Amino acid sequence: AYWSAKANIHTRFENLPEHPEFLHYSLPGSDLSGMFIAFNGTVIKAGTNKTQERAKMFKCKKCKAMFEIAVDDALKDPEYACVGTQFEMITDPNYQEIRVQEQVGRLEIGTMPKAITVILKNDLVNKVKVGDNVSAIGTLIRKWKVTKPNEPCVLDLVFVGNNIIQTNEKTSILSISDNIKKEFKLFWESRRENELLGRNFIVQQFCPNIFGRFQVKLAVLLLLLGGNSKNGTNGTKTRGEPHVLLLGDPSTAKSQFLKAAALLSPRSILTTGTGTSTAGLTVSAVRESGSWSLEAGALVLADRGICCIDEFGCVSTSDRMAIHEAMEQQTLSIAKAGIVCKLNTRCSILAATNPKGNFDTKESLASNSSLSSPLLSRFDLILLLIDRKDKDLDSCIADCILRDEKSETENEWSLEKLKMFINFAKNEFAPELTENASNIITAYYQLQRSQEDAASGRTTMRLLESMIRLTQAHAKLLFHEKAEIFDAVSVVLLFESAMHNGMIFGNTSFLIDSLFQENPNDEYQAMGTSPFLCLLRIHSIGITQSRLFILSISNYLINPSLLASLPEQ
Numbered sequence: 001a002y003w004s005a006k007a008n009i010h011t012r013f014e015n016l017p018e019h020p021e022f023l024h025y026s027l028p029g030s031d032l033s034g035m036f037i038a039f040n041g042t043v044i045k046a047g048t049n050k051t052q053e054r055a056k057m058f059k060c061k062k063c064k065a066m067f068e069i070a071v072d073d074a075l076k077d078p079e080y081a082c083v084g085t086q087f088e089m090i091t092d093p094n095y096q097e098i099r100v101q102e103q104v105g106r107l108e109i110g111t112m113p114k115a116i117t118v119i120l121k122n123d124l125v126n127k128v129k130v131g132d133n134v135s136a137i138g139t140l141i142r143k144w145k146v147t148k149p150n151e152p153c154v155l156d157l158v159f160v161g162n163n164i165i166q167t168n169e170k171t172s173i174l175s176i177s178d179n180i181k182k183e184f185k186l187f188w189e190s191r192r193e194n195e196l197l198g199r200n201f202i203v204q205q206f207c208p209n210i211f212g213r214f215q216v217k218l219a220v221l222l223l224l225l226g227g228n229s230k231n232g233t234n235g236t237k238t239r240g241e242p243h244v245l246l247l248g249d250p251s252t253a254k255s256q257f258l259k260a261a262a263l264l265s266p267r268s269i270l271t272t273g274t275g276t277s278t279a280g281l282t283v284s285a286v287r288e289s290g291s292w293s294l295e296a297g298a299l300v301l302a303d304r305g306i307c308c309i310d311e312f313g314c315v316s317t318s319d320r321m322a323i324h325e326a327m328e329q330q331t332l333s334i335a336k337a338g339i340v341c342k343l344n345t346r347c348s349i350l351a352a353t354n355p356k357g358n359f360d361t362k363e364s365l366a367s368n369s370s371l372s373s374p375l376l377s378r379f380d381l382i383l384l385l386i387d388r389k390d391k392d393l394d395s396c397i398a399d400c401i402l403r404d405e406k407s408e409t410e411n412e413w414s415l416e417k418l419k420m421f422i423n424f425a426k427n428e429f430a431p432e433l434t435e436n437a438s439n440i441i442t443a444y445y446q447l448q449r450s451q452e453d454a455a456s457g458r459t460t461m462r463l464l465e466s467m468i469r470l471t472q473a474h475a476k477l478l479f480h481e482k483a484e485i486f487d488a489v490s491v492v493l494l495f496e497s498a499m500h501n502g503m504i505f506g507n508t509s510f511l512i513d514s515l516f517q518e519n520p521n522d523e524y525q526a527m528g529t530s531p532f533l534c535l536l537r538i539h540s541i542g543i544t545q546s547r548l549f550i551l552s553i554s555n556y557l558i559n560p561s562l563l564a565s566l567p568e569q
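When we follow UniProt numbering, the leftmost residue of the sequence shown carries the number 1, and every step to the right adds one.
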């Protein structure tokens, strides 16, 4: 029997063999012209849906006869003349051009990513959008440019798509062997009796060339791990990606933290606020050949990854307001040049900026940073990196730099191994809070809300959501199936270090500059009495909440016998 495909059925290929002849991780060159290949990239520009003319009607001026000429877009002429006697009308297919860029995560820092135009037809039109990671399958061809007299003939490389597949989920997950996964699990199984030492070992592997700054390193690792995203039944969504702002003096290693974080994420964008516009951060509408198209900015390209913005204070006020929706709702609503759509910005933001002059602890964060309270409230953590004059600390830092000293721990992990550990923990675990952990977070949140001099823009409902996210991230770091008391306590201490007027410890400068302790358990026991003596003076949240807070963390910070000093309510 004779079989033929219907006119509107299109054959699409998927999963080409992972062989260098077929699958390419960088953009193909002219040597592959005419070959059927596949490559991976990120959509940075998407044109509007057009109709491609496949046939044209002509009319004879003399006899007025009309006839149709089909557009010849074949790659080569047929080898024989057509002998057919029956013909059919050619329909005009849907047509779209997109620009696909090499994946930035596969390039070295400083390398300019290349981009290529991909032609999509029929059912492939509008299948992907700006910011998507894709796998394009098709044929590479040469296309003539429109030239003028006395100009050289230049050819463009164009990719005619047979199929295009969205790979956003796959891109955010690294390929990790079973042996490596088993090694990570054994690491924590052997350290369950002393999780503090195990956690500090991992934190110490991050930026080992930077002396101290334990809390900052822990905060950045928790940002990379993230919490659990939740989709409500009524269409609402709670983000799981935290945002962190590093506010500090020059020469406090802020940029180094940003670069290191970008290297540890499978999908990351590193940019600077100097000269950055709204379009550069979000999305821009570009007019080309009489039609409009959308071109992705940094936040869209970092979808399901991390966006690191250095010199964040240099971004103009109007431009910073444009990212409010991107930070909280994790979408960008676009209404430009007749194009109305929403793009995803499901990424964590790690920003760094200098204070406005010398940091004044008597002023609010908004006054010190020149950032508005609504924007500050969207950051889960704001860490202050103040260049204090400390003779002992300065001596240690100088000694570290002169000796080019790195971490002195045994079996130091490579950057690639730490990257695999973070990716495995992020995607393998989805811990929920236990009742005791929830009680700790609730008590600390009420403590912050009860203070009359609470930081403006910080003690909102977003503070509670931030603590939940970071507690879940800390549980992922320790491979906990559920977020336990220790996870909540660690996040409380982290928030104390982020508050320049800590509610429990008061002056928290010693926390943000803290070093790696050889015996962290002794350190926790030593600071145990301070938070509870402070809690005894808090009456606005009630004795019951105070007892609940103390009871929950007594096993980790203090002798339980102090509970006897609390009166019953």
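We treat Cβ as the ideally placed atom computed from N, Cα and C, and that holds for glycine.
The structure displayed is predicted, hence computed values, not measured ones.
Item                                                                                                                                                                     : Value
Could you tell me the boundaries of the alpha helix (DSSP H) in which Q96 lies?                                                                                          : Where Q96 is concerned, there is no enclosing alpha helix (DSSP H), although the beta strand (DSSP E) it sits in stretches over 94-101.
Which word fits H474, buried or exposed, when buried means at least 16 other C-beta atoms lie within 10 angstroms of its C-beta?                                         : buried
Quick one: using the 10 Å Cβ neighbour count with 16 as the cut-off for buried, is N133 buried or exposed?                                                               : buried
Excluding the 5 residues preceding and the 5 following I397 in the sequence, name in chain order all residues of the same chain whose CB lies nearer than 6 Å to its CB. : F211
Buried or exposed: which applies to I202, given that a residue is buried once 16 or more other Cβ atoms fall within 10 Å of its Cβ?                                      : buried
Taking Cβ to Cβ, would you say L120 is nearer than 8 Å to L140?                                                                                                          : no
Three or more C-beta pairs closer than 8 Å, one from the segment 371-382 and one from the segment 268-275: is that the case here?                                        : no
Could you please give the first and the last residue of the uninterrupted beta strand (DSSP E) stretch that includes G131?                                               : That residue, G131, is in no beta strand (DSSP E); it is neither H nor E in DSSP.
Ends of the alpha helix (DSSP H) at G198?                                                                                                                                : 195-204
Out of V286, I323, L478, state which residue places its alpha-carbon closest to the alpha-carbon of L299.                                                                : I323
So, do the segment 231-249 and the segment 383-394 have three or more beta carbon pairs nearer to each other than 8 Å?                                                   : yes
Could you check if T345 is buried or exposed, using at least 16 other CB atoms within 10 Å of its CB as the buried criterion?                                            : buried
Can you have a look at T233 and say buried or exposed, based on whether 16 or more other CB atoms are within 10 angstroms of its CB?                                     : exposed
Take the Cβ of H480 as the centre, count every other Cβ of all protein chains shown within 10 Å, and call the residue buried at 16 or more, exposed below.               : buried
Considering only DSSP beta bridges, list what A285 is partnered with.                                                                                                    : L294
Mind checking W413: buried by the 16 CB within 10 Å criterion, or exposed?                                                                                               : buried
If you compare alpha carbons, which of S373, S497, N436 is closest to L460?                                                                                              : It should be pointed out that residue 460 corresponds to Thr in this sequence rather than to Leu. Of the candidates S373, S497, N436, the one whose C-alpha sits nearest the C-alpha of T460 is S373.
Counting only runs of 4+ residues fully inside the segment 355-439, write out the alpha helix (DSSP H) ranges in chain order.                                            : 365-369, 373-376, 391-402, 415-428
What's the call for G305, buried or exposed, on a 16-neighbour Cβ count within 10 Å?                                                                                     : buried
Based on Cα-Cα distance, which residue from K389, F486, E21, Q446 lies nearest to L434?                                                                                  : Looking at the sequence itself, residue 434 is Thr, so the reference to Leu does not match. Measuring from the Cα of T434, the nearest candidate turns out to be F486.
Express the C-alpha separation of L258 and V216 in angstroms, rounding to a whole number.                                                                                : 11 Å
Distance check for T471 and E428, CA to CA, integer angstroms please.                                                                                                    : 16 Å
Here's the rule: buried if 16 or more other CB atoms are within 10 angstroms of the residue's CB, otherwise exposed. What is V489?                                       : buried
Is the segment 281-298 touching the segment 323-334 in the sense that three or more CB pairs, one from each, lie closer than 8 Å?                                        : yes
Which partner residues does Q166 have in the DSSP bridge list?                                                                                                           : V134
Can you give me the Cβ contacts of C347 inside the same chain, cut-off strictly under 7 Å, excluding the 5 residues immediately before and after it?                     : E241, L299, A302, D303, R304, G305, I306, C307
Of the choices P431, R12, V146, P20, whose alpha-carbon is the least far from that of D123?                                                                              : R12
Taking the alpha-carbon of R99 as reference, which of A352, N150, L32, E288 has the nearest alpha-carbon?                                                                : E288
Specify the secondary structure class of H24 as computed by DSSP and reduced to three states.                                                                            : strand
Have a look at the DSSP bridge pairing and note the partners of R142.                                                                                                    : L157
Short of 6 Å in beta carbon distance, which residues of its chain neighbour V118, apart from the five on each side in sequence? Order them along the chain.              : I98, V100, A136, F159, G161
Let me make sure I understand the geometry here. Which of A443, L376, F421 has the alpha-carbon closest to that of residue 582?                                          : What the structure shows of the chain is the stretch from 1 to 569, and residue 582 is not part of that stretch, so it cannot be assessed.
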